[in-house]
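Asks:
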Amino acid sequence: MEPFSYLVLVPLISFICYCVLLAIILGSRKNKVVRYYTVYIAAMIIWSLGSFVMKTNFPPSTIFWNRILCIGLISMPVIFYHFTLVLTDTKNQKINLAVGYFLAFLLMIGNFSGLIMYEAYVENNVFIYTLGPLASVMAIWSLCYMFLAFINIIQKVKTKKIPFSRVKFILFGLVLVIIGGLLNLIPSLGKYPFDIVLNTINALFIAYSIYRYRFLEIHIIVKKGLSYSLYTLALTGVYIAAILGVQLILLRIIGYNNTTLTLAMAVLLALVFQPLKNTLQKGIDRLFYREKLNHQVFLRDFSKIINNVLDINELTDSLLEAVNKAIKPHNAYLILRQGKEAYAIAKSSPNSQLEEDIKYSNNHPILQWFNMGRQLLTMSEIESSSFFTSLWSMEKKQLRSMGTELIVPIKLRDQLVGLLILSEKKGGESYTQEEMDLLFTLMNNAAVVIENAKLYEDAKYEAITDGLTKLNNHRYFQEILSKCISEKTYDVFSVAMIDVDLFKLYNDLYGHSAGDRALIKIAEVIKKSTRSEDIIARYGGEEFAVIFPNIEGAASLRAIERIRRAVESCFCSSKDVNEFLTISVGVASYPRDGLTNEEILDKADSAMYAAKRSGRNQSVVYAKKDNSINLLNNKEMQKVQDSIKTAYFSAIYALAATIDAKDHYTYGHSENVSNYAVALAKAAGFDEERIDIVKNAGLLHDIGKIGVPESILTKKEALSPDEYEVMKRHVDMSISIIKHVPNLIKVIPAIMTHHERYDGKGYPRGVKGENIPIEGRCLCIVDAFDAMTTDRPYRKALSYSDALMELRKNSGIQFDPQLTELFISLFEEGNITGVA
Amino acid sequence: MSTLQEMLRQEEYNKIWEKYCGFLDLSLNEFMLIQERLLMEQIELLSRCKLGRRLMGDSKPASIEEFREKVPLTTYEDYADILLNKVEDALPSKPQYWIKTTWKGGTHEIKLAPYSESMIEEHTKAFIASLLLATSKRPREFSLRAYDKFLYGMAPLPYLTGLAPYGVRNEIEFEYLPPIDQAEGLDFEKRNKIGFELALNKGVDLFFGLSSVLVKIGEDFARGSTGGMSTPRPDNLTMMYRLLRAFMKRKFKKQTLLPKDLWEIKGILCAGTDTHAFKEKIEYYWGRRPKEIYGGTEIATVATETWGDSGLTFFPDVNFLEFIPEKDSLRSQYDKSFIPKTILINEIRPKERYELVITKFRGGAFVRYRVGDIIECLSLHNKAYNISIPQIRFVDRISNIIDLAGFTRITTATIDQAVKLGGLPVENWVACKQYEDKEPILHIYMELKDEMCFDSVKDILHESLKESDSDYKDIQMMLGKDPLRITLLPKGSFNEYKKKSENIITKMNPSQQSIEVLLDSKCS
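Heads up: the protein sequence lines correspond to chains L and E, in order. Everything in the first sequence is counted per the working numbering, starting at -17 for the first residue and increasing by one. Everything in the second sequence is counted per the working numbering, starting at 14 for the first residue and increasing by one.
1) If the cut is a Cβ gap below 9 Å, which residues of chain E does residue 30 (chain L) touch?
2) With distances taken Cα to Cα, identify the nearest neighbour of residue 114 (chain E) among E:309, E:304 and E:130.
3) Roughly how many whole angstroms lie between the Cα atoms of residue 109 (chain L) and residue -7 (chain L)?
4) Confirm, please, whether the CB-CB distance from residue 335 (chain E) to residue 7 (chain E) is below 7 Å.
5) Just how far apart, CA to CA, sit residue 250 (chain E) and residue 84 (chain L)?
6) Under 7 Å, Cβ to Cβ, is there at least one residue of chain E near residue 73 (chain L)?
7) In terms of residues, what are the limits of the alpha helix (DSSP H) holding residue 709 (chain L)?
8) Less than 7 Å between CB atoms is the rule here; does residue 51 (chain E) satisfy it with respect to chain L?
9) So what's residue 680 (chain L) in DSSP terms, helix, strand or just coil?
10) Determine which residues share a DSSP beta bridge with residue 87 (chain E) and list them.
11) Distance check for residue 188 (chain E) and residue 65 (chain L), CA to CA, integer angstroms please.
12) Below 6 Å CB to CB, which residues in the same chain sit around residue 89 (chain L) once its five sequence neighbours on both sides are set aside?
13) By alpha-carbon positions, which one of L:324, L:344, L:309 and L:319 ends up nearest to residue 331 (chain L)?
14) Does the CB of residue 47 (chain E) have a neighbour CB from chain L at under 7 Å?
15) Assess, as a yes-or-no matter, whether the segment 383 to 391 of chain E is touched by the segment 135 to 144 of chain E under the definition of 3 or more beta carbon pairs within less than 8 Å.
16) Suppose contacts are defined by Cβ-Cβ distances below 7 Å. Is residue 680 (chain L) in contact with residue 655 (chain L) by that definition?
17) Applying the criterion that 16 or more other CB atoms from any shown protein chain within 10 Å of the CB defines a buried residue, is residue 364 (chain E) buried or exposed?
18) Put residue 441 (chain E) into one of helix, strand or coil per three-state DSSP.
19) Just by C-beta distance, which residues in the segment 24 to 36 of chain E are closer than 7 Å to chain L?
20) Report the option in E:59, E:86 and E:30 whose CA atom is closest to the CA atom of residue 351 (chain E).
21) Quick check on DSSP: helix, strand or coil for residue 522 (chain L)?
22) Does residue 98 (chain E) come out as helix, strand or coil in the three-state DSSP assignment?
23) So the candidates are L:137, L:591 and L:571; which of them puts its Cα closest to the Cα of residue 532 (chain L)?
24) Have a look at residue 97 (chain E) and residue 110 (chain E) and give me their C-alpha separation to the nearest angstrom.
25) Any idea what DSSP makes of residue 122 (chain E), helix, strand or coil?
26) Within 7 Å (strictly less), CB to CB, does residue 79 (chain E) reach chain L?
27) Could you work out which residue in L:547, L:390, L:800 and L:325 is closest to residue 352 (chain L) when comparing CA atoms only?
28) Starting from residue 499 (chain E), trace the beta strand (DSSP E) both ways and give me its first and last residue.
29) Please state whether DSSP places residue 456 (chain E) in a helix, a strand or coil.
30) Measuring CA to CA, which of E:339, E:371, E:392 and E:370 is closest to residue 7 (chain E)?
31) Pick helix, strand or coil for residue 167 (chain E), following the three-state DSSP scheme.
32) On the criterion of 16 or more Cβ atoms from any shown chain inside 10 Å, does residue 204 (chain E) qualify as buried, or is it exposed?
33) Reducing DSSP to helix, strand and coil, say where residue 21 (chain L) ends up.
34) If the cut-off is 9 Å on Cβ atoms, which residues from the segment 368 to 386 of chain L count as contacting chain E, listed in chain order?
35) When you compare the CB of residue 13 (chain L) with every CB in chain E, is at least one pair closer than 7 Å?
36) Assuming residue 58 (chain L) and residue 22 (chain L) are in contact, meaning their beta carbons sit under 8 Å apart, how far apart are those beta carbons, in whole angstroms?
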């Protein structure tokens, strides 16, 4: 038979294809599926080898090679059937399988007994054969097992035990094989080698399927080696064919073969083939390394883009875009370091759906994995490695819901800057080594730029953020406010000014660290009680400011009232003695109250001062006519004030009754102190509210004594240092009680400081001079005076003149000199008389 | 995520081992880190639900120390209102299954425990790890495969032992004997009987059940009785050969037939209080030493046995583990005002016994829960197999409960009820668990008000116990054994004891020394 006949060439090409496939499989990781596939390929190699050699008239004989062919032909269907059972994990067809192998065994015997092929030979380049009686049996049997394989796969797909996408190529291949088998039954078509061609296509389909769905992991070295082998093989084939062709032409032209001429032609052809070889190599490089070339282009483009970007948002967008383009995952997520102790999601693909934010702390197992120097992490490793046992169920669930398949670290030197989380690729294939290399390089390149962008971002953040409260700072607030006005961002908006009441006193009493902590807490409360679109800033010292977009008037009052109440309830519900702070809030609106920054802020400020003036812990909205009024109408206002007053007085008297129940003497003293204090306050020109404060503070200043043991309260002898310490605690205890009654918060400063001395040697905080609130200084004088002029368990009462002398003696030391003088003059002028 | 079956198909044996049994390679420090991190997740979940807030208060503990300091130890009474009424909204995570058990000595007849999706996932993982270990002779070499024939001798759902097949089926397919859906409609005896009949026909690769049942079947075989099983009809060549070989051995060689002559089991997994006592017998009858698994309704699978009889190893990711030293545990039973302190797994010491306290991970309900089990630390590691986690043994229930072969739990109330039911004139009694020929028995020491014949007292009490406790009845029915022993004490024995001893004798499981003093009182 002619060497270039299709009847010889087709099995030869099939044989080469199968050999290449076998080489690939031998270079890959083995598992059950791959092993059965290997056996199937071996059968096909035997078939194609037999078919090819048989037609070349190679010794020992054509019939010998035909029987070799039949070994492959007989074993292929049952081996292929077995392979599909393994692939689909089918266990209930053992009988079919056993019968198949048994029949194959019988057919093998028939083959060597000449019952399948009676005789076969090549004569005048024509292949002549006579079929034996079992040939048709073999053909039908062979088709049956192909059908069985087909039905089994279809059933698995129907019962959803295996997805169609996973076996579709195998099914297509099977259809081709069955068609090839059926064609053999038609004599006019059976003489052409359709069956072997279609079987070869089937083998290639299967190879692709098991590679794509990860049954076959081809090592990169094998892949590269195979690519070069194929290229060399193809080139050599063409070269030899060319020489043979030239030889044939020479033979026809000159009628004989000349070795010298042939050699000369070979050298000439080799010279011609050199540029052809180079062109081919380039073509093959493009064909086999297109991925790599594309990756290089992506890297180059990405580097160009990112080197000019400092904005972290733009940068992360570009990075994800590059990843999406180059790798084509369903979803990609970027997690970046936020501060020193946490990593959080920075960006995700547009079509991703994250139910909850990702936040990983430094001890998170995934971060630790990369900090140990590992390069990549797959979901499969997370699911199977005991290193990730400590992963929270909710974290695992989240990674699964993200479709996570691969995690790539973004590292700058040894520092983990972030992570790139990738889901499965759109095509469903696994990530190749080239892609992983690309991702690794991409992330390494990105790390430096991300870090720079983050530094820039941090600097920008620092510049506009208040270091203590992490709110916007004054400068940024002014900028935003100007922008809102100049760009007319909102048709209307309101600006609130918030001032913390008695904050200076708070700082003096508890120190600046406590003051800072209180400011942080207030900032938190303001953040929680505002909307996400509101812009909050620390305006200065103890002042905060808020821009409320799209609201004005009553709505803005409701907004600031919400903040005021939140602060009040947060601090008053605390069990801490020192948490009694409240805020006064004023609000003005654009464009109604002003058209410039200054105008609006001035109006909001004056509303805030109106709140202060009307007793602190108030919310006031700016109104033009009478400077500032609360927007509640007069009737409502009156109603609210009445109910407050009622609650207020019931609270005071309930507390006073508590003191009375404990010790009648204390109650009498409290009433005296209250009366003296009111007289002194009036003389000192206090307004009505302050007079009220000293009155109530006088009644309640010793309320904390209900927590002091009676043995100490009524002790006749001098108190021991320990007992004195217990006694001193009554001030804090008074505050603890009073702070839970919102209406009484105003009396706290007076009560808290009534044992403070003008020279700073008092208790509980040692506040000095004018730093002591004036109400406290008042109480201090009248409390001491009443204590001196009434009987005590440990001594008799002093006369009024002696007591006044004592006051004068300690004026400027223990007592405020001006108020002391005033009190003495009131007594001396008879404006105050002693109490019984 | 690849299932176990897929990994087996791809022959990824190392990956399988790492996934399920990788915890055996952890250092104690790594074990503690896992415990700590998972506890923080549980605290987070608890802080979001009513039950959590009830137990932990409003402030969320920020560390293990704070958690142990602030959260009190609990018992089932603390959960009864929520769990028995299945108030799902009050729980840290939504339950998929409610697992049931009896509550002997409790305020209700049953206890219910919720199992969330994550808990089932962990429980399945732990169960598969135990199966891998049961089929392995050394690390990383196991013979478990898909479609293994699995003789599953445990109670079906809603009991915990019935949960495993439901989780396992997502990972791997086994051929259960009998099939799970059929088994659910059968009682315990019938299920085991049908299972063994099928095993005679098909063969068996895996067994999970009570060790006492395996011993009973072995004894029946040795006696030549197959407990009324139908004639075997082998459905494969291996079983045909084995049955033929067994027949020859018995008929012609006149040798005793043992289960190991019929079946070559890959792995035996046993649960139940007295498994350690039955191990040698099982190995003799079945040709394979069983591996023990320790768990419970409220705590799921807690620990599993490895190799070399060195004890069980705790799973790090199922429960947060705390331990009360035995003497403190005992004191707290009699002095209700005493609140015992717990220690952690890195603080337990060899040869010491502890009461187990657990906090369920993965959204479980139980927090610092006193399980009522006593464990013993055998050693701090298993050197031969490089396991650096303490090796423990499940000793028994706490002393006020007597657990017999995993079948029943006898309490003071059970015996009092039986005495009342039988109308016995009992002055006083104490009961304890003892072992006879390595098998557990219930020994009751009784003082009667009136004279009665020993045999009739024994019969009446035995019958009354059977009537009042159906689980007790199962022991005799299933194992064919009478677990009751009676010693009648002369009149005045308990009074005599009081005079002699300063300690009050406890009703259940008094110390051996107390029993001896009581018996001495009898003699004097």
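Note that CB positions come from ideal geometry on N, CA and C, so glycine has one too. None of the values given here were measured: they were computed from a predicted structure.
Replies: According to the structure shown:
1) Those within 9 Å of residue 30 (chain L) in chain E number zero; the least Cβ separation is about 29 Å.
2) Nearest option by C-alpha distance: E:309.
3) Answer to the nearest angstrom: the Cα atoms are 14 Å apart.
4) This structure leaves residue 7 (chain E) out entirely; chain E is present only between 14 and 537.
5) Our two residues, residue 250 (chain E) and residue 84 (chain L), have alpha carbons roughly 16 Å apart in a direct line.
6) True, the Cβ-Cβ gap to chain E drops below 7 Å.
7) Residue 709 (chain L): member of the alpha helix (DSSP H) spanning 703 to 710, first to last residue.
8) Interface residue, yes.
9) Residue 680 (chain L): helix per DSSP, three-state reduction.
10) BP columns for residue 87 (chain E) point to E:382.
11) Using only the alpha carbons, I get a separation of about 23 Å.
12) Excluding five sequence positions before and after residue 89 (chain L), the CB atoms of its chain that fall closer than 6 Å to its own CB belong to 56 and 120, given in chain order.
13) That would be L:309, whose Cα lies nearest to the Cα of residue 331 (chain L).
14) Interface with chain L (7 Å Cβ-Cβ cutoff): residue 47 (chain E) is included.
15) Pairwise C-beta distances place the segment 135 to 144 of chain E out of contact with the segment 383 to 391 of chain E, as fewer than three of them are shorter than 8 Å.
16) Their beta carbons are under 7 Å apart, which means residue 680 (chain L) touches residue 655 (chain L) by this criterion.
17) Label assigned to residue 364 (chain E): exposed.
18) Three-state result, residue 441 (chain E): strand.
19) When CB distances to chain L are screened at a threshold of 7 Å, the residues of the segment 24 to 36 of chain E falling below it are 24, 28, 31, 32, 35 and 36, in chain order.
20) The shortest C-alpha separation from residue 351 (chain E) is found at E:86.
21) If DSSP states are grouped into helix, strand and coil, residue 522 (chain L) belongs with the strands.
22) In the structure shown, residue 98 (chain E) adopts coil according to DSSP, grouped into three states.
23) Checking every option, the nearest Cα to that of residue 532 (chain L) belongs to L:571.
24) Put simply, the backbone Cα of residue 97 (chain E) is about 13 Å away from that of residue 110 (chain E).
25) For residue 122 (chain E), the three-state secondary structure derived from DSSP is coil.
26) The beta carbon of residue 79 (chain E) does not come within 7 Å of any beta carbon belonging to chain L, so the residue lies off that interface.
27) Nearest option by C-alpha distance: L:390.
28) Here the beta strand (DSSP E) through residue 499 (chain E) covers 497 to 502.
29) In this structure, residue 456 (chain E) counts as strand in the three-state DSSP scheme.
30) Residue 7 (chain E) is absent from the model: chain E starts at 14 and stops at 537.
31) Under the three-state reduction of DSSP output, residue 167 (chain E) falls in the coil class, being neither helix nor strand.
32) With 16 or more Cβ atoms within 10 Å of its Cβ, residue 204 (chain E) is classed as buried.
33) When DSSP states are grouped into helix, strand and coil, residue 21 (chain L) belongs to the helix group.
34) Only those residues of the segment 368 to 386 of chain L whose C-beta falls short of 9 Å from the nearest C-beta of chain E are listed: 368, 369, 371, 372, 373, 374, 375, 376, 377, 378, 379 and 382.
35) Residue 13 (chain L) has a beta carbon lying within less than 7 Å of a beta carbon in chain E.
36) Contact flag correct, Cβ pair sits at about 7 Å.
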